[in-house]
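The block underneath contains the structure these notes are about, expressed in structure tokens.
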Amino acid sequence: MIPLSDVSVDTSDWQKQLSGMIRSPKALLSALNLSESLLEGAELGHQAFAIRVPRPYLNRIKPGDPKDPLLRQVLPISEEGKWVPGFVQDPLQEINSNPTPGVVHKYQGRVLLISATGCAVNCRYCFRRHFPYEANRVGRRQWQQQLDYVRQDASLNEVILSGGDPLIQTDEQLSALLDQIEAIEHITRLRIHTRLPIVIPTRVTKALTTRLQASRLKVVVVVHANHANELDNEVAAAVRSLRKANIWVLNQSVLLRGVNDTLEALVDLSERLFAVDIMPYYLHVLDPVQGAAHFDVSDHEARALHLQLQAKMPGFLVPKLVREVPEKTNKTWIN
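Numbering (my numbering), first residue to last: 456 to 790.
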């Protein structure tokens, strides 16, 4: 591993890396020297939910290993087309909490804004893989509708930027949106849910950290990593830039069959997160979204793993094991 001091994240090439991502199963299999026998199933899954894999993330996947835990998160397979009872297109029933385009309001005191409809990576287990992004398309006009909603509800004190991925926007777009959020007096906290610092670490630019540090709001960045191998030195340097700007960085992960469903994998993930200055936050059980049933880990297994993790790790490195239940006013703890 190269020293962190030799890694620079203040670069402007993240958009090139975004536009140069892998967009076809054939290209992914070729880049990783994987058997063409996987192509038919990958094409079937790709038709249902298009493949998107940035090259910085691709570079962390072990070539020639079809069971690599990072590959499993991004490679489409034929099982995605199977109908499984209980797995639906809108597992969190967000459509019922979508009062205006681009707004999801479920919990007291906070509101989620769909500030971007695209992602840098299409995770195969994504609970929003069927979300009606076309009906929630984001532009300047939609921003104003979202912000009007926030202005009119004085019970809100926190805005959560989600998507898609909010950091897929440029620094200038984010700054303009942040200007308007900061002008709403009753908002005191901003949370950004993003996978980009993990999959394209160069997205954490100097301009981004400087703008977030200057905000009057308390800023929290919640990243998403499921396996220790996702957290290389470039990710560590990106997180270090955020932490130097006094921005809290938390991680939420999903318990996934074949990715992190062992005690060893969960311990390694928590240890590596803390080593790169990210605090473990949530460990979600899988949302039952159509196309992702092959990732499911039973509640019984999840509880057992979590109890083993508690016995093995100090409490501050044990993420909360949770499920998001439609219509509930908070996350539901599993044990």
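Cβ atoms here follow ideal geometry from the backbone N, Cα and C, with glycine treated the same way.
Straight-line gap, residue i to residue j (C-alpha atoms, nearest Å)
i    : j    : result
F542 : S708 : 20 Å
A759 : S725 : 17 Å
A609 : G770 : 35 Å
T643 : S479 : 42 Å
V614 : V566 : 5 Å
I655 : N577 : 13 Å
E779 : L493 : 33 Å
S573 : R507 : Note that residue 573 is Gly in the sequence shown here, rather than Ser. Their backbone Cα atoms lie some 10 Å apart in a straight line.
V539 : Q745 : 7 Å
L489 : T784 : 45 Å
V548 : P743 : One detail in the question is off: residue 548 reads as Gln in this sequence, not Val. Computed Cα separation, rounded: 11 Å.
D545 : R515 : 31 Å
C581 : A747 : 8 Å
A720 : A683 : 7 Å
A711 : V752 : In the sequence under discussion, the amino acid at residue 711 is Leu, which differs from the Ala named in the question. L711 and V752: Cα-Cα distance of roughly 6 Å.
D603 : D634 : 14 Å
N790 : E756 : 12 Å
A680 : I569 : 20 Å
R658 : T717 : 31 Å
V529 : A730 : 25 Å
L487 : I653 : 20 Å
I647 : S485 : 34 Å
W788 : K561 : 17 Å
A691 : E685 : 10 Å
A503 : Q470 : 26 Å
L772 : K786 : 19 Å
L483 : R584 : 20 Å
I639 : Q607 : 10 Å
A669 : H761 : 38 Å
E491 : K537 : 21 Å
Proximal residues to residue i (C-beta, below 7 Å), its chain only, five neighbours per side dropped
i    : result
E534 : H749
G475 : R510
S687 : Note on identity: in this sequence residue 687 is Asp, with Ser being the wrong assignment. Here the set comprises R515.
T649 : D620, P621, L622, V676 and V678
L632 : S570 and W598
D523 : I516 and K517
Cβ-based neighbour list, residue i, same chain, cut-off 6 Å, excluding 5 preceding and 5 following
i    : result
S630 : R666
G500 : P531, I532 and E535
L663 : D626
I702 : L667, V674 and V676
Y737 : Q707, P774, K775 and V777
R671 : E637
G420 : As displayed, the chain neither begins before 456 nor continues past 790, which places residue 420 out of reach and without an answer.
Residues near residue i by beta carbon distance below 8 Å, same chain, minus five either side
i    : result
V722 : L764, K767 and M768
S460 : For S460, the predicted model reports a pLDDT of 36, less than 50, meaning its position is unreliable and no value from the coordinates is stated.
I623 : L473, A571, G573, C574, A575 and L651
K699 : T664
Collapsed DSSP secondary structure at residue i in the structure displayed
i    : result
E534 : helix
V558 : strand
Y736 : strand
I702 : coil
K786 : coil
K673 : strand
E498 : helix
R758 : helix
R527 : helix
R579 : coil
S610 : coil
H749 : helix
K522 : coil
K517 : coil
L568 : strand
L473 : helix
R510 : helix
Q707 : strand
I647 : strand
V714 : coil
I653 : helix
R778 : strand
L721 : helix
Residue i Cβ short of 7 Å to the ligand GTP heavy atom set
i    : result
E637 : Ligands are entirely absent from the displayed structure, and the ligand GTP is therefore not among its contents.
Whole-number beta carbon distance between residue j and residue i, since they are thought to touch under 8 Å
i    : j    : result
R527 : G713 : 5 Å
V605 : L645 : Actually they do not touch by this definition, with Cβ atoms about 11 Å apart.
M734 : L697 : That pair is no contact at about 12 Å.
L525 : I477 : Not quite, the Cβ-Cβ distance comes to about 13 Å (not below 8 Å), so this is no contact.
H641 : L616 : Actually they do not touch by this definition, with Cβ atoms about 17 Å apart.
R695 : D732 : 6 Å
Chain B within 8 Å of residue i, Cβ atoms only
i    : result
R565 : Absent from the structure: chain B. Only one protein chain is present.
Should the region 515-529 be called in touch with the region 555-566, which here means at least 3 C-beta pairs below 8 Å? no
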